[in-house]
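With the working numbering applied, the sequence shown has no gaps in its numbers, which climb one by one up to 225 at the end. Working notes for the structure below.
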Amino acid sequence: MSDKPLQLGSENLSIIRQDKKLLKDITLTLPTSKVSLILGHNGAGKTLLMRVLHGLVPPSTGRVFTPERSLQKMVFQKPVMLRRSASRHFDFLCPDCAEADKREWFSRASLVGRMNVPARLLSGGEQQKLALIGALASRPQLLFLDEPAANLDLEATAFVEEMVKWSRTQGTTIIMISHNRAQAQRLADYIVMMDRGRLMELTPADQFFSAPYSAAGKAYLDFA
């Protein structure tokens with residue numbers, strides 16, 4: 002992991018498609034070495050904001066401040082698996098990882114016995130664990146997680162949450178999307194509340210869940 006200070010945020014960020022603003026003048030500075038949960042109802046702009054911050058979507062206006070792409074990783078809700086074994090897929094995600102370290106990562110994910118199985122034949126939970134350990138093994142400064150535990154069983158969900166907590170102790174900055182309010186309360190240090198493409202609040206998690214200051218935050222908690 003780089004020792005360079007991490008800058009993370011945006012200034013007057015907008016995404017415009019066919020004369021419609023999908024993200025609207027978002028200025029924010031996200032805390033480092035913390036877990037920030039992006040919350041909001043469907044259509045709020047959560048995934049789009051994450052993709053812009055990661056550099057997958059260029060802003061229409063405004064600027065984004067993030068570390069160089071080599072210091073970032075992103076795990077999608079449904080990771081893309083290559084046509085190769087789980088072990089070789091991991092090698093693609095983290096090519097510099099020593100063999101002993103790789104085996105240790107597979108052991109942590111309870112996947113040692115699946116290392117030679119084609120990655121595409123792993124279960125959904127196994128694929129998500131493989132994507133996550135491949136991302137973490139490269140020790141990124143910044144980790145994006147787009148609903149990483151959606152549709153997973155309890156064991157895989159527990160592993161994802163354990164890795165999120167562990168990564169934070171290692172100094173990784175994590176930006177995560179979750180529709181699970183209980184999960185957000187377990188993991189989040191800060192809440193980024195989105196509503197219809199706008200940033201409504203960036204608040205410490207304990208404050209948000211006890212007394213959100215935005216109307217959108219209050220409405221979200223009423224229905225979450």
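We put the CB at the ideal spot given by N, CA and C, even for glycine.
Beta-carbon proximity list for residue i, same chain, < 7 angstroms, skipping 5 on both sides
| i | result |
| --- | --- |
| F93 | L83 |
| L203 | L29, Y191 and V193 |
| M51 | I39, F145, D147, I176 and I178 |
| M164 | L133 and L137 |
Inter-residue CB distance, residue i and residue j (contact presumed, cutoff 8 angstroms)
| i | j | result |
| --- | --- | --- |
| D196 | G41 | 6 angstroms |
| S86 | N117 | 5 angstroms |
| M201 | A217 | 4 angstroms |
| G125 | N152 | 7 angstroms |
6 angstroms CB neighbourhood of residue i in its chain, flanking five on each side removed
| i | result |
| --- | --- |
| S37 | L31, I176, Y191 and V193 |
| A185 | L38 and S179 |
| V161 | P149 and A150 |
Buried/exposed call for residue i, threshold 16 Cβ in 10 Å
| i | result |
| --- | --- |
| P59 | exposed |
| P96 | exposed |
| V81 | exposed |
| A157 | buried |
| W167 | exposed |
| G198 | buried |
Neighbourhood of residue i by C-beta distance below 8 angstroms, restricted to the same chain and skipping five residues each side
| i | result |
| --- | --- |
| V76 | Q129, A132, L133, A136, L144, F145, L146, D147 and P149 |
| M2 | Residue placement at M2 is poorly supported in this model, since its pLDDT is 49, which falls under 50; the coordinates still yield a value, given next. Correct list, in chain order: L72, R140, P141, Q142, Q171, G172 and T173. |
| R169 | S34, K35, V36, I175 and D190 |
| D20 | none |
Where the beta strand (DSSP E) containing residue i begins and where it ends
| i | result |
| --- | --- |
| F145 | L143 to D147 |
| V161 | That residue, V161, is in no beta strand (DSSP E); its alpha helix (DSSP H) goes L155 to T170. |
Span of the alpha helix (DSSP H) around residue i
| i | result |
| --- | --- |
| Y221 | A216 to F224 |
(message) Can you confirm whether the segment 204 to 220 touches the segment 163 to 179 when touching is taken to mean that 3 or more C-beta pairs between the two stretches lie within less than 8 angstroms?
(response) no
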